[in-house]
Structures are given as structure tokens and as C-alpha cells.
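Chains as they are written, first to last, in the working numbering: chain E, 1 to 25; chain V, 1001 to 1209. The beta carbon of each residue, even a glycine, is placed where N, CA and C say it ideally should be. Following: one structure in C-alpha cells, then a few remarks.
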Amino acid sequence: QPTSMNAFELISMSKGLNLENLFDT
Amino acid sequence: CDADLSQQQPRGLGNPEALARETVFSVSEIEALYELFKKISSAVIDDGLITKDEFQLALFKTTKKESLFADRVFDLFDTKHKGILDFKEFALALSIFHPNAPINDKIEFLFQLYDLKQQGFIKRQELKQMVVATLAEAGMNLADDVIESIIDKTFEEADTKHDGKIDKEEWRNLVLHHPSLLKNMTLQYLKDITTTFPSFVFHSQVDDV
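See the structure below:
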């Protein structure tokens, strides 16, 4: 639930911050 | 002008032994990482450099998607501020994401990423901008007063000096209470990079140490 998270926990869900996809070539 | 700058950017693997000394990677891992770099940097233009478009393409499998955070990550990787990444910039930045990299480097990198205006602290407005961007990316709608209450709650916890901004020390304390905030900063893939890109052995220039 986004409303129960602190703002940084919510931001850390952004796909732009998940670099794992770089390895999926 | 940009074209002139990209002409000056070094291309190729460079000196893998020197890069291994500057990072947490072994020489073999640097060479395997270069295989990944070659794939990403040849996706649009095969010029041995990663453009922002190629970076976004690798992350989202499309150049269309715009992400505030992918932009910020690219800009932090781009330490020479030329709008393109050479292999050394790529390897130095990804080294911070290695499971063996010092936690302080991860904390510092993420702080810089969130410090949108690069003022040495994160203000309410920046935090709200990032929350709004995250929700927009995910296609989620939250009422403004709900977003405001999330920001309020975060500042109540993080801004222990009560000066309306989160500085590096406060950020560090927050992360130590919420280690999950660092989860994006560790990529297990980097530990297995030589098995993910075994073809590096065909191009290897040196015996590993």
C-alpha cells in the first residue's frame, strides 16, 4: 500500500531505479 | 559541439587491470562487464559509447519511456558530463552496485541521486517531485493531500534537525533504520557477471590475478 510507505520507500519502487534490466540483453 | 565532445570520449576496454584496481571488480569481471557494455552501446549506434537513448532502451526495452530516475542515474554515471558514457564511467559507477562495494558508497550515490538540485540536501519540494514522478511512471493516482501526508510523515521521521531539509547525515540515519531503501543499490548480477557473459574469455587480454 503506497499510503503506508514513507516517501523514499515509495520512490524506490520506480523502474528507473532498478538496474537489473540492464543485464537482460 | 556534442559531436566534437563525443569524438574526444575514449572508446574500447581501455586498461582492464587499472580499472580492476579502481573498482571492486576482478580483471575477468571487468572484461565480462565490457561484453555487456558492448551490447548496450551498440543498440542504436555502434560507436562504443552509451547514449541516454541506449541506456533507456536497455532499462525499459523502449526509448520512448521517460523516467526522471533513469535520467538521474545516467547523469550520475556520466561523470564527465558529456551526455554519453564510455566504458570507464560505466564500470566505475556499476562498481558501486556490486554486492561487495562499501555500503557508504551506496548510501552516498543514492543521496546524490535524490538530491535533484545538487544542493547537499533534499527539500520537501524535491521529495514531492520524486513521489509524483514515481506514481506517474506506475500509472497510479493519489490525491494531493495523501501525497502531502506521505511527505509529512517522511520528514517527521527523517528531518531530525527540523530545518525542513534532509541532509546527508539525516539520510544516512534514515537508511540505517530502513535498510530496504538501499535494495536497488545492489545488483547480484554483478557477482555472476563472468558466467552471464562467458564470451569475455575469447577477447581476454590478460590472465586474471
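Coarse secondary structure for D1046(V), derived from DSSP in three states = coil
task = For the beta strand (DSSP E) holding K1064(V), just list the boundary residues, first then last.
result = Premise fails: K1064(V) is in no beta strand (DSSP E) and is neither H nor E.
Outcome for I1122(V) when other beta-carbon atoms lying within 10 angstroms are tallied against a minimum of 16 = buried
ask   = Would you call the region 1014-1022 of chain V and the region 1161-1179 of chain V touching, i.e. three or more CB-CB distances under 8 angstroms?
value = no
Beta-carbon contacts of N21(E) that lie in its chain and below 8 angstroms, excluding the five residues immediately before and after = K15
inquiry  = If we define contact as Cβ-Cβ less than 8 angstroms, is V1073(V) a contact residue for chain E?
reply    = yes
ask   = Do L1085(V) and L1212(V) come within 8 angstroms of each other at the CB atom, strictly closer than that value?
value = Residue numbering for chain V in the displayed model covers 1001 to 1209; residue 1212(V) lies beyond these limits and cannot be assessed.
task = Rounded to whole angstroms, what's the CA-CA distance from R1172(V) to K1183(V)? Just pull it up for me.
result = 14 angstroms
ask   = How about F1121(V): is its C-beta nearer than 8 angstroms to some C-beta of chain E?
value = no
Listed by chain order, chain E residues near F1069(V) by CB distance under 7 angstroms = S14, G16 and L17
Limits of the unbroken alpha helix (DSSP H) element including K1128(V) = R1124 to E1137
request  = Compare the C-alpha of K1168(V) against each of Y1114(V), F1069(V) and V1024(V) and name the closest.
outcome  = Y1114(V)
message = With distance defined between alpha-carbon atoms, name the residue in I1030(V), F1060(V), F1055(V) and F1200(V) nearest to F1077(V).
response = F1055(V)
query = At a Cβ threshold of 8 angstroms, is H1227(V) touching chain E?
reply = Chain V is shown from 1001 up to 1209; residue 1227(V) falls before or after that span and cannot be answered.
task = Work out the CA separation of G1014(V) and E9(E) for me, nearest whole Å.
result = 38 angstroms
Contact list for the region 1150-1184 of chain V against chain E, Cβ threshold 8 angstroms = I1150, I1151, K1153, T1154, E1157, A1158, L1174, H1178, S1180, L1181, K1183 and N1184
Reference Q1129(V), options F1069(V), G1139(V), L1187(V) and T1062(V), closest by Cα = F1069(V)
task = Kindly say whether N1079(V), judged by its beta-carbon, lies nearer than 8 angstroms to any beta-carbon of chain E.
result = Looking at the sequence itself, residue 1079(V) is Thr, so the reference to Asn does not match. Answer no: the Cβ-Cβ gap between T1079(V) and chain E never drops below 8 angstroms.
ask   = If you run the structure through DSSP and keep just helix, strand and coil, what is K15(E)?
value = helix
key: Cβ separation of F23(E) and L1036(V), assumed to be a contact under 8 angstroms, to the nearest whole Å   = 7 angstroms
task = Name, please, each residue of chain E whose Cβ falls closer than 7 angstroms to the Cβ of L1187(V).
result = L19 and E20
The region 1101-1109 of chain V contacting the region 1179-1194 of chain V, beta-carbon criterion three pairs below 8 angstroms = yes
ask   = At least one CB of chain E closer than 8 angstroms to the CB of I1040(V): is that the case?
value = yes
key: Contact residues within the region 1130-1144 of chain V, judged by C-beta distance below 9 angstroms to chain E   = M1130, V1131, A1133, T1134, L1135, E1137, A1138, M1140 and L1142
task = For chain E, find out if any of its Cβ atoms is closer than 8 angstroms to the Cβ of T1196(V); answer yes or no.
result = yes
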